[in-house]
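The structure appears below as structure tokens.
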Amino acid sequence: MSSISSGNFSQIAGSYADTAAVYSKSETTKTDETSGKKKVSGQTIGNPKLSEKASKYYEQLKKKYSNMNFILVSEDQKENAKANAAGYANSNNMVVLIDEDKIERMASDENYRKQYEGIIANAASGISQLASSLSATGTSVKGFGMQVNDNGTASYFAVLEKSSAAQKERIEKKAVEKKEAKKTAQKKAEKKKNEERLEKKRKETGDVDDTDDTETVTVTASSIEELLEKIKDQEQLFLSDTVKTPQEKNVGQNVDFSV
Numbered sequence: 001m002s003s004i005s006s007g008n009f010s011q012i013a014g015s016y017a018d019t020a021a022v023y024s025k026s027e028t029t030k031t032d033e034t035s036g037k038k039k040v041s042g043q044t045i046g047n048p049k050l051s052e053k054a055s056k057y058y059e060q061l062k063k064k065y066s067n068m069n070f071i072l073v074s075e076d077q078k079e080n081a082k083a084n085a086a087g088y089a090n091s092n093n094m095v096v097l098i099d100e101d102k103i104e105r106m107a108s109d110e111n112y113r114k115q116y117e118g119i120i121a122n123a124a125s126g127i128s129q130l131a132s133s134l135s136a137t138g139t140s141v142k143g144f145g146m147q148v149n150d151n152g153t154a155s156y157f158a159v160l161e162k163s164s165a166a167q168k169e170r171i172e173k174k175a176v177e178k179k180e181a182k183k184t185a186q187k188k189a190e191k192k193k194n195e196e197r198l199e200k201k202r203k204e205t206g207d208v209d210d211t212d213d214t215e216t217v218t219v220t221a222s223s224i225e226e227l228l229e230k231i232k233d234q235e236q237l238f239l240s241d242t243v244k245t246p247q248e249k250n251v252g253q254n255v256d257f258s259v
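Note that full-length UniProt numbering has the sequence shown beginning at 1, numbered continuously upward.
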């Protein structure tokens, strides 16, 4: 029986270790590839990834409800998406926030898929009717949306633009404030004149800074019926705000529209 010197043994052990490392790396790479989750096309929140099967299903889902704007949410961003849901609303299509885990399960579980597609379909129909009825009353809505929840329900939201009467009053008030500010500025040093000329130019071109005063209010609800009632309540606040005296407006009124 031949003996192995310590030097040869170390060399053999080293070769084995290298081979094992390469094999381990190969298996890891193979696992990553076969586990198969990849980034998806379209709007996302966070860094959601889907398997090939789920990706194909997700594309089919978006085509099936092509009049809706789907946004895929990563698991770690679900609460963040819920807290900032209204920021994703747009005037063209109803927004649907849905997380990656639900899409994965919908792709493989037929009963689960039917349940959640039913939620989406009912929301689409309900929001469409709601939008039509509000349009007839002159209520200005910037956008609608929904978020698919974990318990087989959905949350709804709407972003409202302030009524034209309230908007007009705010613009007029701001114009008066700007006029007074201009009078004050004229009394200051000569260097202020240049700023006044720039201000005048901005007004002539329509480039007026409005960033300090938002013109939207977000309403959230756990049902479309509740959403309608909250929209009506908010619209009444808009209207009542236009007839208050300056003293009354200073008192303020806080209403919690959270679910």
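Glycine included, C-beta positions come from ideal geometry on N, C-alpha and C. Bear in mind that the values here come from a model prediction, so they are computed numbers and not experimental data.
Burial check for serine 55: the Cβ neighbour count within 10 Å reaches 16 or more, so the residue is buried. In this structure, the alpha-carbon of alanine 136 lies about 46 Å from that of lysine 37.
Within the stretch 54-134, the alpha helix (DSSP H) runs of at least 4 residues that lie entirely inside it are, in chain order, 78-83 and 100-108. Here the alpha carbon of glutamate 79 sits roughly 23 Å from the alpha carbon of serine 51. Taking valine 40 as the centre and dropping the five residues before and after it, the same chain places the C-beta of Pro48, Lys49, Leu50, Ser55, Tyr58 and Leu72 closer than 8 Å to its C-beta, in chain order. A check of alpha carbon separations from glutamate 229 across Lys183, Leu130, Lys162 and Lys193 identifies Leu130 as the nearest. Where glutamate 161 is concerned, the enclosing beta strand (DSSP E) starts and stops at 154-161.
A residue is called buried once 16 or more other Cβ atoms fall within 10 Å of its Cβ, and aspartate 99 is buried on that count. Residues Leu97, Gly145, Gln147 and Phe157 of the same chain have their beta carbon placed closer than 7 Å to that of alanine 85, with the five preceding and five following residues left out of the count.
For threonine 220, the uninterrupted beta strand (DSSP E) run begins and ends at 216-221, by DSSP. Around the Cβ of glutamine 60, a 10 Å sphere holds fewer than 16 other Cβ atoms; the residue is exposed.
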